[in-house]
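Chemist: Chains as they are written, first to last, in this note's numbering: chain C, 1 to 134; chain L, 1 to 283. C-beta: ideal position from N, C-alpha, C; glycine also. One structure is given below, represented as structure tokens, and several questions about it will come after.
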């Protein structure tokens with residue numbers, strides 16, 4: 001059976017949804033993600049929905065559930081890459097996706113997660129002072 | 001019977017061609033008052049005359065016969081051109097109806113043309129006239145639709161104000177169609193430029209009623225859903241009063257009085273620091 005891949009990327013987990021989510025797939029994603037968060041101890045999750053043409057109430061609820069579950073496990077969730085058409089449809093349908101943080105793209109999503117956790121340790125490379133969040 | 005009437009008229013048209021064409025020309029020219037050159041008009045009428053004779057010879061006195069197709073095509077072109085050149089609909093129609101007058105003046109006086117024949121010819125020309133008017137209206141409608149589209153494109157630019165800040169200066173009344181376009185343009189611009197901040201400037205919107213407010217709110221919420229923050233600026237005093245008296249709630253949406261304030265707010269929020277340097281001479 002298909003799975004949605006969950007990719008560890010530094011201090012965050014990246015989930016890129018490329019196929020239409022049906023019930024089984026969505027449930028499996030929730031389980032996988034919860035396990036990965038605990039296993040890797042990350043503090044951020046980025047869900048990329050650039051490829052999704054349709055976001056209905058089901059997907060909306062699933063995203064909200066994932067966000068709640070992650071928050072319980074001390075990880076912030078950011079949904080990124082929502083298409084204009086999807087946003088317009090959601091507004092017309094009156095589905096405001098409560099409890100979900102969004103960003104335009106993965107890069108801005110990463111920045112948002114970093115800013116949400118200023119206390120996270122910053123790794124400094126010694127000789128020159130370029131800093132990178134690990 | 002009808003064929004005979006068509007034949008008889010066709011004979012008259014052939015015999016008295018020069019007179020009728022001249023007469024037709026005169027009537028139309030008086031009506032257009034020199035807005036079309038003499039040569040151009042004469043050429044149009046000669047063409048029409050040829051097609052009219054061909055139609056009468058081939059199909060009798062029915063405007064939708066196959067033989068009248070060329071005539072119909074000519075009339076459509078003519079009225080489309082007139083519509084574009086700004087002639088009124090009656091000025092266009094008279095170009096066709098004048099042929100009745102011309103045929104009657106030339107043919108009627110000398111008893112070449114019976115009343116019954118002329119009545120049938122008259123009905124035929126009426127049909128042609130209707131075709132002309134329809135073609136004229138179709139062209140006008142097309143022009144209006146085109147201009148509406150152009151107006152939409154003109155009035156909804158999305159401009160980049162700063163790295164990561166785009167703005168939409170809204171000008172004119174917002175209806176559903178326009179606000180839909182504004183929303184789509186803005187959201188697409190957000191994705192393309194990866195800008196986390198957008199400013200909707202409504203300085204140029206003459207009035208805000210509940211519907212317009214609804215459209216603006218939808219745009220802001222859609223931008224927020226995509227992960228961008230949207231600030232509304234350019235709210236004039238009267239509009240602020242209208243908004244309050246209508247009981248419209250902007251909730252936690254940031255509103256600023258003018259574009260400068262909005263830009264300043266957005267830059268601060270984006271972590272840009274602004275410093276004003278006072279020249280030494282001023283101290």
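Three or more C-beta pairs closer than 8 Å, one from the segment 174-184 of chain L and one from the segment 239-258 of chain L: is that the case here?
Modeler: No, the segment 174-184 of chain L is not in contact with the segment 239-258 of chain L.
Chemist: CB-CB under 6 Å to residue 1 of chain L, same chain, minus the five flanking residues each way: which ones, in chain order?
Modeler: Low local confidence applies: a pLDDT of 44 at residue 1 of chain L is under 50, so the model's placement there is unreliable, with the coordinate-based value given in what follows. Nothing listed; no residue qualifies.
Chemist: Closer than 8 Å, CB to CB, is residue 270 of chain L near chain C or not?
Modeler: Residue 270 of chain L does not count as touching chain C.
Chemist: Suppose the cutoff is 7 Å on Cβ atoms and the five residues either side in sequence are ignored; what does the same chain contact list for residue 21 of chain L look like?
Modeler: Taken in chain order, the residues that qualify are 45, 46 and 49.
Chemist: Quick one: grab the DSSP three-state call for residue 28 of chain C.
Modeler: In this structure, residue 28 of chain C counts as helix in the three-state DSSP scheme.
Chemist: In its own chain, which residues sit with a C-beta less than 8 Å from the C-beta of residue 116 of chain L, not counting the 5 before and 5 after it?
Modeler: Cβ neighbours of residue 116 of chain L beyond the five flanking positions: 5.
Chemist: Taking Cβ positions only, does residue 80 of chain C come closer than 8 Å to chain L?
Modeler: True, the Cβ-Cβ gap to chain L drops below 8 Å.
Chemist: Helix, strand or coil for residue 179 of chain L, going by three-state DSSP, please let me know.
Modeler: Residue 179 of chain L: helix per DSSP, three-state reduction.
Chemist: Please state if the CB of residue 191 of chain L and the CB of residue 330 of chain L are separated by a distance shorter than 8 Å.
Modeler: Any answer about residue 330 of chain L is impossible in this case: the structure gives chain L only from 1 up to 283.
Chemist: Should residue 37 of chain C be flagged as near chain L, meaning a C-beta pair shorter than 8 Å?
Modeler: Residue 37 of chain C does not count as touching chain L.
Chemist: Would you mind working out which of L/194, L/207 and L/235 sits nearest residue 84 of chain C, comparing C-alpha positions?
Modeler: Among L/194, L/207 and L/235, the Cα nearest to that of residue 84 of chain C is on L/194.
Chemist: Since residue 222 of chain L meets chain C, which of its residues come closer than 8 Å, beta carbon to beta carbon?
Modeler: Result: 84, 87, 88, 90 and 91.
Chemist: Determine, using beta carbons only, whether residue 266 of chain L comes closer than 8 Å to chain C.
Modeler: Output row for residue 266 of chain L: interface = no.
Chemist: Can you find a C-beta in chain C that's less than 8 Å from the C-beta of residue 191 of chain L?
Modeler: Yes, because at least one Cβ of chain C sits closer than 8 Å to the Cβ of residue 191 of chain L.
Chemist: Output yes or no for whether 8 Å exceeds the beta carbon distance between residue 137 of chain C and residue 47 of chain C.
Modeler: Only positions 1 to 134 of chain C appear in this structure, which leaves residue 137 of chain C out of reach.
Chemist: With a threshold of 16 other CB atoms inside 10 Å of the CB of residue 120 of chain L, please say whether the residue is buried or exposed.
Modeler: That one is buried.
Chemist: Could you confirm whether any beta carbon from chain L is found closer than 8 Å to the beta carbon of residue 96 of chain C?
Modeler: Closer than 8 Å: yes.
Chemist: Once DSSP output is grouped into helix, strand and coil, what is the label at residue 256 of chain L?
Modeler: Three-state result, residue 256 of chain L: coil.
Chemist: What residues match up with residue 197 of chain L in a beta bridge as DSSP calls it?
Modeler: Beta-bridge pairing links residue 197 of chain L to L/165 and L/229.
Chemist: Short of 6 Å in beta carbon distance, which residues of its chain neighbour residue 62 of chain C, apart from the five on each side in sequence? Order them along the chain.
Modeler: Cβ within range, chain order: 26.
Chemist: So, do the segment 197-216 of chain L and the segment 262-269 of chain L have three or more beta carbon pairs nearer to each other than 8 Å?
Modeler: Yes: the two stretches touch, three or more of their Cβ pairs being nearer than 8 Å.
Chemist: Counting pairs of Cβ atoms below 8 Å between the segment 164-171 of chain L and the segment 55-69 of chain C, do you hit three or more?
Modeler: The segment 164-171 of chain L is not in contact with the segment 55-69 of chain C.
Chemist: Locate the alpha helix (DSSP H) running through residue 281 of chain L, then write down its first and last residues.
Modeler: From DSSP, residue 281 of chain L is part of no alpha helix (DSSP H); its letter is neither H nor E.
Chemist: Output, in chain order, the set of chain L residues within a Cβ distance shorter than 7 Å of residue 102 of chain C.
Modeler: Within 7 Å Cβ-Cβ: 225, 226 and 227.
Chemist: Does the beta-carbon distance from residue 102 of chain C to residue 80 of chain C come in below 8 Å?
Modeler: Yes, the pair counts as a contact, with Cβ atoms nearer than the cut-off.
Chemist: Just verifying my parser: in three-state terms, what is the DSSP assignment at residue 14 of chain C?
Modeler: In this structure, residue 14 of chain C counts as strand in the three-state DSSP scheme.
Chemist: Assign residue 160 of chain L to buried or exposed, taking buried as 16 or more other Cβ atoms, counted over all protein chains shown, within 10 Å of its Cβ.
Modeler: Residue 160 of chain L should be labelled exposed.
Chemist: Suppose you measure from the CA of residue 59 of chain L to the CA of residue 37 of chain L; what does that come to, to the nearest Å?
Modeler: Using only the alpha carbons, I get a separation of about 32 Å.
Chemist: Could you tell me the alpha carbon to alpha carbon distance between residue 87 of chain C and residue 75 of chain C, rounded to whole angstroms?
Modeler: So the alpha carbons of these two residues sit roughly 25 Å apart.
Chemist: Does DSSP put residue 22 of chain C in a helix, a strand or coil?
Modeler: Residue state, collapsed to three classes: coil.
Chemist: Taking C-alpha atoms, which residue in C/113, C/110, C/91 and C/119 lies nearest to residue 224 of chain L?
Modeler: For residue 224 of chain L, the nearest C-alpha among the options comes from C/91.
Chemist: Indicate the three-state DSSP secondary structure (helix, strand or coil) for residue 305 of chain L in the structure shown.
Modeler: Residue 305 of chain L falls outside the range modelled here, since chain L spans only 1 to 283, and no answer is possible.
Chemist: So, for residue 229 of chain L: in the same chain, excluding its five sequence neighbours on each side, which residues have a beta-carbon less than 6 Å away from its beta-carbon?
Modeler: Excluding sequence neighbours, residue 229 of chain L sits near 197.
Chemist: Helix, strand or coil for residue 145 of chain L per DSSP?
Modeler: Three-state DSSP puts residue 145 of chain L in a helix.
Chemist: Using a Cβ-Cβ distance cut-off of 8 Å, determine whether residue 169 of chain L contacts chain C.
Modeler: It does not: the Cβ of residue 169 of chain L has no partner Cβ on chain C nearer than 8 Å.
Chemist: What number of angstroms, rounded off, separates the C-alpha of residue 233 of chain L from the C-alpha of residue 34 of chain C?
Modeler: Their backbone Cα atoms lie some 42 Å apart in a straight line.
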